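Residue numbers (full-length UniProt numbering): 1 to 204. What follows is one structure encoded as structure tokens, with my remarks underneath.
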């Protein structure tokens, strides 16, 4: 079994990307382990459509714990699995909410320990920033790129490709991160997740 830690800024679409990946892998019922910041653990099981309604939100910092989705991967007669670890979104500067701060610390510890990382980036936000002549990439994402490049497996999901300005954001990312694997994705429509699935299969 391999762990893949999914990281990114708050509201980049990490949880939606995890669920879309599960759907691409043919998962109908989702089983996941919630690891709270107080050390408690809870196993949950839901049909994936219900899980999508329950787990996703447009509000930042809605994920406040590590959520490990166990995804079985068929390899002939051998049964294997990949653990996709959804994490709390990261933010620059001081965060007042103590629960969110603890969740971000939990994310950073998981990132440091991880061998495989999926870095979810909001490509539409990058494109909008370029349109406004603002810095397209946040310092936090630069740090995540630097850490990701030290891992055995690092993949950038240029998410929200279905939104305006996202194509421009993807083009910028490809120029900026020339040596990284970048896949344009939409957790909403499923675009790009067949390719993400092929990479994750290799980790099982």
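Backbone N, C-alpha and C fix where the C-beta goes; we use that ideal spot for every residue, glycine too. Please read these numbers as outputs of a predicted model, since none were measured by experiment.
Return the bridge partner residues of residue 68 from the DSSP annotation.
The partner list for residue 68 (beta bridge, DSSP) reads 33, 85.
I'd like the list of long-range same chain contacts for residue 148, defined as Cβ closer than 6 angstroms, with 5 residues on each side in sequence excluded.
117, 119, 154.
With a CB to CB cut of under 7 angstroms and the five nearest residues on each side skipped, what residues in its chain are close to residue 67?
Contacts found: 32, 34, 86.
Just to confirm the assignment, what range does the beta strand (DSSP E) spanning residue 122 have?
Run containing residue 122: 116 to 122, per the beta strand (DSSP E) assignment.
Given this structure, state the Cα-to-Cα distance separating residue 158 from residue 79, to the nearest angstrom.
Roughly 31 angstroms between the two C-alpha positions.
So, is residue 9 buried or exposed, given that buried needs 16 or more other C-beta atoms within 10 angstroms?
Under this definition residue 9 is a buried residue.
Taking the beta strand (DSSP E) that residue 55 falls in, what are its first and last residues?
Counting along the chain, residue 55 falls outside any beta strand (DSSP E), though it belongs to the alpha helix (DSSP H) covering 48 to 55.
Helix or strand or just coil, what does DSSP make of residue 80?
If DSSP states are grouped into helix, strand and coil, residue 80 belongs with the strands.
Please report the Cβ distance between residue 14 and residue 127, rounded to the nearest whole angstrom; I am assuming they are in contact, meaning their Cβ atoms lie under 8 angstroms.
Between residue 127 and residue 14 the Cβ distance is about 19 angstroms, and since that is not below 8 angstroms, they are no contact.
Buried or exposed, going by whether 16 or more other CB atoms sit within 10 Å of the CB of residue 1?
Reliability fails at residue 1, whose pLDDT of 38 lies under 50, so the model's placement of it is uncertain and no value is given.
The alpha helix (DSSP H) spanning residue 165 covers which residue range?
Taken as a continuous stretch (DSSP letters only), residue 165 belongs to no alpha helix (DSSP H), as it is neither H nor E.
Check the DSSP bridge columns for residue 7 and list the partner residues they point to.
Paired residue(s): 119.
With H, G and I counted as helix, E and B as strand and the rest as coil, what does DSSP make of residue 152?
In this structure, residue 152 counts as coil in the three-state DSSP scheme.
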